[in-house]
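Residue numbers (the numbering used here): 1401 to 1605.
Ideal Cβ positions, reconstructed from N, Cα and C, are used throughout, including at glycine.
In this text, all values refer to a predicted model and were calculated from it rather than measured experimentally.
Structure record follows, encoded as structure tokens.
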Ligand SMILES: [Mn+2]
């Protein structure tokens, strides 16, 4: 998908890597890295930004040397006077911060389910749509992100982390929240922002 389109800026919103175990990377993973590295070549005029997630915290520095892109804790930019803030979102996930072990077990299981699942990943999708815990997490991250976004004087806040692609308006706070969903799900979701600053949730074909 990345090589199908042209764009001025690519923001990788965290958890691109699961852990430091490079031995686990397969050919397709190296291919992806090579695409990202080529994109970030100054001649291409594409800005590539890596925002750290909870899985690739610390790892990002190594990656920035390996593929030569800048790594941020959070990233802000402006289009048409509108201020955007991109932050992974685990910062607003209290459960994760207080239950690191349970959370890593849960993330391991999700990864397995994704792999066991069929092409359409019915199980992973079913889990996300039915699990109350998941919906609660998605809401908490959204609320926390909007609070924080207000503090950072943003008009639009974009997170990842919850694997749930969504858009919410907070008219009383004058703020729009997006979640970019999950890039390893099928279809994978992402947020596209045009020159006028209009944002939209998209899905890969
Ligand atoms: Mn995460």
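With contacts defined as CB atoms closer than 8 Å, residue 1558 and residue 1569 fail to qualify as a contacting pair. Residue 1554 carries a coil assignment under DSSP once its states are collapsed to helix, strand and coil.
For the set 1510, 1466, 1462, 1453, the Cα lying nearest the Cα of residue 1492 is the one of 1453. Linking residue 1413 to residue 1546 through their CA atoms gives a straight-line distance of about 17 Å. Taking C-beta separations shorter than 8 Å and ignoring five residues to either side along the sequence, the partners of residue 1438 in its chain run 1444, following chain order.
Residue 1413 carries a coil assignment under DSSP once its states are collapsed to helix, strand and coil. In this structure, the C-beta of residue 1458 stays at least 7 Å away from each heavy atom of ligand 1. The beta carbon of residue 1447 sits closer than 6 Å to the beta carbons of 1409 from its chain, once the five residues preceding and following it are set aside; these are given in chain order. Listed by position along the chain, the residues with Cβ atoms less than 5 Å from a non-hydrogen atom of ligand 1 are 1415, 1453, 1454, 1490, 1561.
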